[in-house]
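Below is one structure; the comments refer to it alone.
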Amino acid sequence: MRSHIVLYFGKPGAGKGTRTQKLKERTFLLDDFMILSTGQMLRQAVADGTHLGQEAKAYMDKGELVPDHLIVSVVLDAIEKAAENQKSIILDGFPRNLPQAKALTDALNGKKIYVVDFPIADEIVIERTIHRRICPKCGNVSDDTHKTCNQCGTTLIQRSDDTEEVVKRRLDSYREDTEPVLDYLVKCPNVRLTRLYPTISLEEDPGMETFFRSLH
Ligand SMILES: [Zn+2]
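Sequential numbering of the sequence shown, starting at 138, is according to the working numbering.
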């Protein structure tokens, strides 16, 4: 398998992580993929003590945002490392804005980018979020039809930011910041867009399966 770059897009709560995890548990299709967030890549660079990591750490220590050019360099490093190890990479939450997206497409210079969009209606995200319950002990995610965790029996709790107000704010910022990035990327000639609409059952997710099979 060649080394691929996959970018995930979707509103918070669209099920990107869950569907990926389920596919990974069920098939071999994701065995050669690394799923990375910008935060993880930054922490790794800092832990490895790379030049970029040290630069990024200086900002993080001051509690400042790491500038776009540094984030892009860290991501490009991770992409290169993955390619060297014949691994593919799924980036979740990157690029976060237009300058990052432009820097990425410039640097990759024609290399194919697979963009996966997980469309979902706002109402579903809001419903899901306000009914979500979490196990404070093992992290198991459930909903308010259950009182206790089906894995360890602990009483489930609601996260303080799983409210309608907070989720609406998250959806607004997705529309303002992320949707323009998606619009830009799909116009790039080397980008292939796949839309994975919500699946009826997480145990059978033909859309996800077909997409990742096409990369093998
Ligand atoms: Zn539990």
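Using N, Cα and C, we set each Cβ at its ideal position, and we do this for glycine too.
For residue i, which of the options has the nearest alpha-carbon?
i: E221; options: A193, H141 and H206; result: H141
i: D281; options: L228, L293 and K274; result: L293
i: L189; options: S174, H206 and L173; result: H206
i: A244; options: I208, D342, S351 and M171; result: I208
i: K218; options: E201, Q181 and G230; result: Q181
i: L308; options: I216, L330 and I261; result: I261
i: L173; options: V303, T157, V203 and E201; result: T157
What span of residues does the beta strand (DSSP E) with residue i cover, start to end?
i: I261; result: Here I261 belongs to no beta strand (DSSP E); instead the alpha helix (DSSP H) covers D259 to H268.
i: D229; result: S225 to D229
i: D280; result: V278 to D280
Which partner residues of residue i appear in the DSSP bridge assignment?
i: G147; result: F255
i: I294; result: I271
i: M171; result: I226
Note the first and the last residue of the continuous alpha helix (DSSP H) segment covering residue i.
i: S351; result: P343 to S351
i: D185; result: T175 to D185
i: T157; result: K153 to R163
i: R332; result: Note, R332: premise wrong, no alpha helix (DSSP H); beta strand (DSSP E) at V328 to R332.
Go through its chain and collect everything with a Cβ distance to residue i's Cβ below 7 Å, but skip five positions before and after it.
i: N327; result: G247, K248, K249 and I250
i: P256; result: R332 and Y334
i: K153; result: Y145, G147, D229 and F255
i: R270; result: S279, D280, D281, H283, L293, I294 and Q295
Note down, in chain order, each residue of its chain lying with its Cβ closer than 8 Å to the Cβ of residue i, except the 5 sequence neighbours on either side.
i: C275; result: C286, Q288, C289 and T291
i: A238; result: P232, V318, Y321 and L322
i: V183; result: G190, Q191, A193, K194 and M197
Quick check on residue i - is its C-beta less than 9 Å from some C-beta in chain C?
i: G154; result: You won't find chain C in this structure, because it holds only one protein chain.
In chain order, what residues of the same chain lie with their CB nearer than 6 Å to the CB of residue i, ignoring the 5 residues before and after it?
i: F170; result: S225 and I227
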